[in-house]
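Be aware that the sequence shown starts at -11, since it is given in the working numbering, and climbs by one per residue.
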Amino acid sequence: MFREALMLLIGVFALAMSAGAYKNPLFFQSDSPGAGVADPGVLRWMGKYYLYSTKVPENAGVRCWESEDLVNWKFMGFCTGDDPAFAQGHGWSPSPSYYNGKFYLYVCGIDQKHKVFESDKPTGPFVCVNKDFIDVNTLDAAPLLDDDGQLYVFYAGWEGVGIQYRTASSPTKADGPNQALKACQFSADNNGNFWTEGPDLWKRDGVYYLAYCGNDWLKDSYQVRIAKGRTIADLKPQKSDQLIAQKTGPWVAVGCNWIIRGPNLKSLWHVYHCRQSGGHARRMCLDRLYFDDSGDMRCDGPTWTVQHNPEPPLYFESFLRTDIGHNWMVESGKWRTHGEDRLVGTSGELVCKVPIKPNFVAEFNVKSLKSDSSGRYGIALVGESERASILIDPTKKTLELIGKTSIKAALPSHFDLGVWHTIIVQQHNGRLQVRFDEMTKIDTKLDIDAARISLIAGDCEAAFGWCGFCNYEAGEQAM
């Protein structure tokens, strides 16, 4: 009887896993060198995810993996060499970022300094472009591009100093004054340890959320806490500030987290590491985040049972093929696929045949192919009786909503619109939000009974990369 029950349990587990499920911690394929995955940093780019992990002296560089679902990861190799900037071969907490056509890794180490590495691709090769990005007693830097175009970098002070931040004039220059978030700090434990580290941020509806961890990764009580505020300076621990903790059991010490948008675009996920009690090698974990009625960020984790994989989008398209595909209809102009430019449109409109619902979220990756063009490009939401266009003007550096409601928003004047940028459009319960490279640029009341999405290249030539969308079902929370 026991054997039959055991076999049934094994069968159910196998079925769940084969149907698209995972179980923390995640174990990667055997061709990934090094022990475990410590301090995971994750970048979403063109519908895929790129994971970077702490470098130890035994590694030939920072390791990089690629995934489409945050669960199944393919090792892509070392994205850096064993650069002399890595003090004694250490490269801790590589934090990834994409900014205006370049990919960046922010790496700290045993010398208590931050270095910045730059690349043209998310898989590298990354080359050190500033070995003294922040050169005084700091670790675990994480960048934030705010809605007004101001770039910030958040980081932890060395032992005893909480989360700090400063403005950055570019991804490679953190030249603003150091400012401390004194409320975002772990207290000393019984042994006098008082580490606070691993900051990462998310912004939703004008509220900043700061995840940070402590007290000491070698302590089983290592955990993640959350602060929130209407301004960065006002960030304080939310009412129930513990996001995740696991102090007992086979897997403990959860922390060094990353917050990332899910594959279906409407979910938010928490990537972090854990370790075995008494061990040192860390493993990556994954759990879903949500917001309660008071607006506090929550996580029903850490989970150690079988969980559903992050859902894919309802529809997505990469345009990495020789034709535009059967799900698209040429309304006007010329449209063709073209290698790394993906889909190229000239003076026309391309309609997606897959319908959407009024409540949806969609992502588009776009760039201008002619810097002197006077035309505009972007997308259109097409309803039964109404239409709204969201267009980029590459000469005026603006993002404009055109329809019953018209809004024009300025883009950073130094941005190169001839490189890839990401537009996320969300309509939810009569509210339209448009994000440009995660900067909220348009937020207005609008309720188009949208039925189709179109790509627009108006009197210009533009390229369109990965795009996808997902509908919100009744009662679902907007991100």
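Note that beta-carbon positions come from the ideal geometry of N, C-alpha and C, so glycine has one too.
The C-beta separation of A445 from S335 comes to about 6 angstroms, placing the pair in contact by the 8 angstroms criterion.
Scanning the segment 152 to 221 from its first residue to its last, no whole alpha helix (DSSP H) run of 4-plus residues comes out.
If the five residues before and after N245 are omitted, its C-beta is found closer than 7 angstroms to the C-beta atoms of G186, D188, A199, C201, V212, H258, V259 and Y260, all from its own chain and listed in chain order. A distance below 8 angstroms separates the beta carbons of C172 and L223.
CA-to-CA, the gap between T325 and D431 works out to about 32 angstroms.
Contact between the segment 442 to 460 and the segment 340 to 359 is present: three or more C-beta pairs spanning the two stretches fall below 8 angstroms. Around A376, the same chain offers L369, G391 and I436 as residues with beta carbons nearer than 6 angstroms, after the five sequence neighbours per side are excluded. Taking every protein chain shown into account, the CB of G418 has fewer than 16 other CB atoms within 10 angstroms, so this residue is exposed. Contact between Y37 and S55 holds: CB atoms are separated by about 5 angstroms, below the 8 angstroms threshold.
Taking each of N315, C455, Q415 and P298 in turn and checking the Cα distance to N60, the smallest one comes out for P298. N118: member of the beta strand (DSSP E) spanning V115 to I122, first to last residue.
Taking the CA atoms as reference points, V25 sits about 26 angstroms from D123. Burial is judged here by how many other beta carbons sit within 10 angstroms of a residue's own beta carbon; K341 has fewer than 16 and is exposed. One thing to note: S265 has its Cβ within 8 angstroms of the Cβ of D208. For R271, the closest C-alpha among the options G250, A241 and D280 is that of A241.
Counting the other CB atoms within 10 Å of its CB gives T184 a total of 16 or more, which places it among the buried residues. Judged by DSSP in its simplified three-state form, G446 adopts strand. Secondary structure at D71: coil, using DSSP grouped into helix, strand and coil. Here the alpha carbons of L277 and K62 stand approximately 24 angstroms from one another.
Between I378 and L405, the gap from beta carbon to beta carbon reaches 8 angstroms or more. A Cβ-Cβ contact shorter than 8 angstroms links H102 with Y143. Runs of beta strand (DSSP E) with 3 or more residues, each lying fully within the segment 372 to 426, are found at 375 to 381, 386 to 390, 395 to 398, 409 to 416 and 419 to 424, listed in chain order.
If you draw a straight line from the Cα of H314 to the Cα of W408, it is about 25 angstroms long. The beta-carbon distance between G77 and L253, rounded to whole angstroms, is 39 angstroms. This is too long to meet the 8 angstroms contact definition.
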